[in-house]
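To keep things clear, I will list the structure first and then write my remarks on it.
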Amino acid sequence: MTLINKQQTAAAKPTDVVKAYLEAFACEAWDEAVALLDKEVVWHVDGDVKVQTVGVLKGAEQVKTWLERFPEHFTPLDFTLSEFIEQDNNVLVLGRFRHRIALTGNSVGSDMIIHFQVMRGKITRYQIFEDSALLSRAFNPHDDWQQQQIKLNGRVYHYRERGEGPTLFFAHGLFADHTIFTEQVNRLSQHFRCIVIDMPGHGQSGYDPEGWTLDAISQDFALMIQARSLGKVIFIGQSQGGMVGIRLAARYPECVSRLILIGTSARAEYPERLAEWQTRREILSEGNAQDREAVLRAMQAQIYGEQALLTQADFLSEERGKLMALPPVGLALAIDAAVFTRGDIRALLPSVAIPALILCGEEDRATPVALSQEIAEALPFASLVIIAGAGHHPVVDAAREVAEAIERFLLPEGDV
Numbered sequence: 003m004t005l006i007n008k009q010q011t012a013a014a015k016p017t018d019v020v021k022a023y024l025e026a027f028a029c030e031a032w033d034e035a036v037a038l039l040d041k042e043v044v045w046h047v048d049g050d051v052k053v054q055t056v057g058v059l060k061g062a063e064q065v066k067t068w069l070e071r072f073p074e075h076f077t078p079l080d081f082t083l084s085e086f087i088e089q090d091n092n093v094l095v096l097g098r099f100r101h102r103i104a105l106t107g108n109s110v111g112s113d114m115i116i117h118f119q120v121m122r123g124k125i126t127r128y129q130i131f132e133d134s135a136l137l138s139r140a141f142n143p144h145d146d147w148q149q150q151q152i153k154l155n156g157r158v159y160h161y162r163e164r165g166e167g168p169t170l171f172f173a174h175g176l177f178a179d180h181t182i183f184t185e186q187v188n189r190l191s192q193h194f195r196c197i198v199i200d201m202p203g204h205g206q207s208g209y210d211p212e213g214w215t216l217d218a219i220s221q222d223f224a225l226m227i228q229a230r231s232l233g234k235v236i237f238i239g240q241s242q243g244g245m246v247g248i249r250l251a252a253r254y255p256e257c258v259s260r261l262i263l264i265g266t267s268a269r270a271e272y273p274e275r276l277a278e279w280q281t282r283r284e285i286l287s288e289g290n291a292q293d294r295e296a297v298l299r300a301m302q303a304q305i306y307g308e309q310a311l312l313t314q315a316d317f318l319s320e321e322r323g324k325l326m327a328l329p330p331v332g333l334a335l336a337i338d339a340a341v342f343t344r345g346d347i348r349a350l351l352p353s354v355a356i357p358a359l360i361l362c363g364e365e366d367r368a369t370p371v372a373l374s375q376e377i378a379e380a381l382p383f384a385s386l387v388i389i390a391g392a393g394h395h396p397v398v399d400a401a402r403e404v405a406e407a408i409e410r411f412l413l414p415e416g417d418v
């Protein structure tokens, strides 16, 4: 550890003093950290007073107690400093943190700016700017912490987050929500940070009344990955989620390290199906409750494999209930994006030069096996797994088999 000794302190540049303090803080060398503080230092952390580290303190002894108690409240998972900006006696430190909260077990991360004032080699003022609202939620044991939301280009996306490790980003298809990945998340969150999003017009996410495209969703996801500092994610997309994943991996290669596509297509919708889709759209957006439910029942009969249709009646009924409760216009606009305007993206496939796993249900009638075979052949580094007895939603039909296939693809053999 490189620290400034007493003889060097008075002549040290403000940035050097700040760096020495931050190094001492990272090592929990509290005496060395306090030695760099002015006796009358002001320590300022805004936010909910229920968060133990929030408040304004004055004096090095007060701050020493604050520092010594910090590990009682937080376990650092990541603390990244990206830039130091010095002006006169002021130093701004830009970075990002991710901590686990001892009180709740929640993991929380935020961008941050720390403002230091340094006079005669001593820190006279500290103030941190961070997402204090998010920290307040993370400290609340009664908060449904896994439920998160973000507004991207005017669209509100709800998602659930669970686990720690490399980030898996899940996106579902039409007539579903994030819960179709429940079994996969239950298993994979033991090794990964799982972010499972509700697509526009589905689940608890909002929708743009002017409509959207799959291209727009891929732009939103790239923005989210960058804004949340997720690094390169492993993208797992089912049906329309996979169509977005191909766009994301091809156009934003800095955002995706691996790609898992489940029951998806790189082609435009079959022309002979468009008239039937138009009828469905009209009924779902304008029909009565009985007709809308009939359409959803018919869609489920096409989406799921025979075994699921026979054995998962309660799940299917619950799913229909959730879809019936959605704003009809949002569901109609989602059909527009996933069916009518999705276009052909086969030309993008050769540029997706990352490891890819293609999964498809043997009984998939919505995106037949041939479409997955086509994708696997066009991607430079892809493998194909066809799941016996599964339909268009193998994440439900064959949940365990899908989870195991993903584990084999992502984890060293000893970790599965």
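Heads up: the sequence shown runs through residues 3 to 418, numbered per our numbering.
Glycine is no exception: its CB is placed at the ideal position from the N, C-alpha and C atoms.
A quick note: this is a predicted structure, and the numbers were derived from the prediction, not measured.
If we count the other Cβ atoms within 10 Å of its Cβ and call it buried at 16 or more, is Pro-202 buried or exposed? Position 200 of the sequence shown, counted from the first residue, corresponds to residue 202. The residue in question, Pro-202, is buried, as its Cβ has 16 or more Cβ neighbours within 10 Å.
Would you report the Cα separation of Phe-141 and Phe-76, rounded to the nearest angstrom? Your numbering for residue 141 matches position 139 in the sequence shown. Your numbering for residue 76 matches position 74 in the sequence shown. CA-to-CA, the gap between Phe-141 and Phe-76 works out to about 10 Å.
Give the secondary structure of Tyr-161 by DSSP, where H, G and I count as helix, E and B as strand, and everything else as coil. As a first step, residue 161 must be located in the sequence shown, where it is residue number 159. Residue state, collapsed to three classes: strand.
Would the stretch 392-399 and the stretch 355-367 be scored as touching if the rule is three or more Cβ pairs under 8 Å? These segments touch.
Hey, would you say Arg-283 sits closer than 8 Å to Leu-298, going by beta carbons? Reading the sequence shown from its first residue, position 281 is the one you call residue 283. Reading the sequence shown from its first residue, position 296 is the one you call residue 298. No. Outside cutoff.
Touch check for the stretch 145-162 and the stretch 26-46: three-plus C-beta pairs under 8 Å? No, because fewer than three Cβ pairs between the stretch 145-162 and the stretch 26-46 fall closer than 8 Å, the two stretches do not touch.
Could you spell out where the alpha helix (DSSP H) holding Pro-357 opens and where it closes? Mapped onto the sequence shown, residue 357 falls at position 355. Counted as a single uninterrupted DSSP element, the stretch harbouring Pro-357 is not any alpha helix (DSSP H), since DSSP gives it neither H nor E.
Considering Tyr-23, what are the terminal residues of the beta strand (DSSP E) in which it resides? By 1-based counting over the sequence shown, the position of residue 23 is 21. Segment 16-28 is the alpha helix (DSSP H) holding Tyr-23; no beta strand (DSSP E) there.
On the premise that Tyr-161 lies in contact with Val-198, defined as a C-beta separation below 8 Å, what is that separation, rounded to the nearest angstrom? Here residue 198 refers to the residue found at position 196 of the sequence shown. Here residue 161 refers to the residue found at position 159 of the sequence shown. That belief holds up - the Cβ atoms of Val-198 and Tyr-161 are roughly 6 Å apart, short of 8 Å.
What is the residue span of the alpha helix (DSSP H) that Trp-68 lies within? Residue 68 sits at position 66 when you count from the first residue of the sequence shown. Trp-68 -> alpha helix (DSSP H) spans 62-75.
Quick check: the Cα distance between Ile-125 and Phe-81, rounded to an integer number of angstroms? Indexing the sequence shown from 1 puts residue 125 at position 123. Indexing the sequence shown from 1 puts residue 81 at position 79. Take the alpha-carbon of Ile-125 and the one of Phe-81: they are about 20 Å apart.
Between Leu-381 and the rest of its own chain, which residues show a CB-CB distance below 7 Å, the 5 nearest in sequence each way excluded? In the sequence shown, the residue the question calls residue 381 occupies position 379. The residues are Leu-351, Val-354 and Ala-358.
Among the residues of its own chain, which have a CB less than 6 Å from the CB of Asn-155, if the five just before and after it don't count? For the purposes of this step, residue 155 is taken as the residue at position 153 of the sequence shown. So the qualifying residues of the chain are Asp-222.
What do you get for Arg-195, buried or exposed, if any count of 16 or more other CB atoms within 10 angstroms of its CB means buried? Here residue 195 refers to the residue found at position 193 when the sequence shown is read from its first residue. With 16 or more other Cβ atoms within 10 Å, it is buried.
My assumption, with CB atoms under 8 Å, is that Val-95 sits in contact with Leu-83. Please give the rounded CB distance. Within the sequence shown, residue 95 is the residue found at index 93, counting from 1. Within the sequence shown, residue 83 is the residue found at index 81, counting from 1. About 6 Å separates the Cβ atoms of Val-95 and Leu-83, confirming a contact at the 8 Å cut-off.
What are the boundary residues of the beta strand (DSSP E) that includes Thr-181? In the sequence shown, the residue the question calls residue 181 occupies position 179. Careful: Thr-181 lies outside any beta strand (DSSP E) and carries neither H nor E.
Does the stretch 158-172 come into contact with the stretch 229-236, if we say contact requires no fewer than three beta-carbon pairs (one atom in each stretch) closer than 8 Å? Verdict: yes, contact present.
Under 8 Å: do the stretch 206-216 and the stretch 332-345 share three or more Cβ pairs, one atom per stretch? Yes, the stretch 206-216 touches the stretch 332-345.
What are the start and end residues of each continuous beta strand (DSSP E) run of 3 or more residues lying completely inside the stretch 189-265, in chain order? Listed in chain order, the complete beta strand (DSSP E) runs (minimum 3 residues) inside the stretch 189-265 are 195-199, 235-240 and 258-264.
For my contact list, Thr-369 and Thr-266 are in at a C-beta cut-off of 8 Å; report their separation, rounded to the angstrom. In the sequence shown, residue 369 corresponds to position 367, counting from 1. In the sequence shown, residue 266 corresponds to position 264, counting from 1. 6 Å between Cβ atoms; contact.
Cβ neighbours of Lys-324 in the same chain (closer than 7 Å, five flanking residues each side left out): As a first step, residue 324 is located in the sequence shown; it is residue number 322 there, counting from the start. Excluding positions up to five away in sequence, the list reads Asp-179.
Output needed for Val-387: all residues of its chain with C-beta closer than 6 Å, excluding positions within five of it in sequence on either side, in chain order. As a working note, residue 387 is residue 385 in the sequence shown. Once the five neighbours on either side are set aside, the close Cβ partners of Val-387 are Leu-361 and Ala-407.
Near Ala-349, which residues of its chain fall below 7 Å by C-beta distance, leaving aside the five closest residues on each side in sequence? Here the question's residue 349 lines up with position 347 in the sequence shown. Counting only Cβ-Cβ distances below 7 Å, and skipping sequence neighbours, we find nothing.
Given this structure, state the Cα-to-Cα distance separating Leu-24 from Ala-35, to the nearest angstrom. As a working mapping, residue 24 is identified with position 22 in the sequence shown. As a working mapping, residue 35 is identified with position 33 in the sequence shown. Here the alpha carbon of Leu-24 sits roughly 8 Å from the alpha carbon of Ala-35.
Which of the three DSSP states, helix, strand or coil, is assigned to Thr-4? The count along the sequence shown starts at 1 and reaches residue 4 at position 2. Annotation note: pLDDT 47 at Thr-4 (below 50); position unreliable, coordinate value reported separately. Look at Thr-4 here: in three-state DSSP terms it is coil, with no helix or strand label.
Contact check, Ile-248 vs Ile-115, beta carbons under 8 Å: If you number the sequence shown from 1, residue 248 lands on position 246. If you number the sequence shown from 1, residue 115 lands on position 113. Contact: no.
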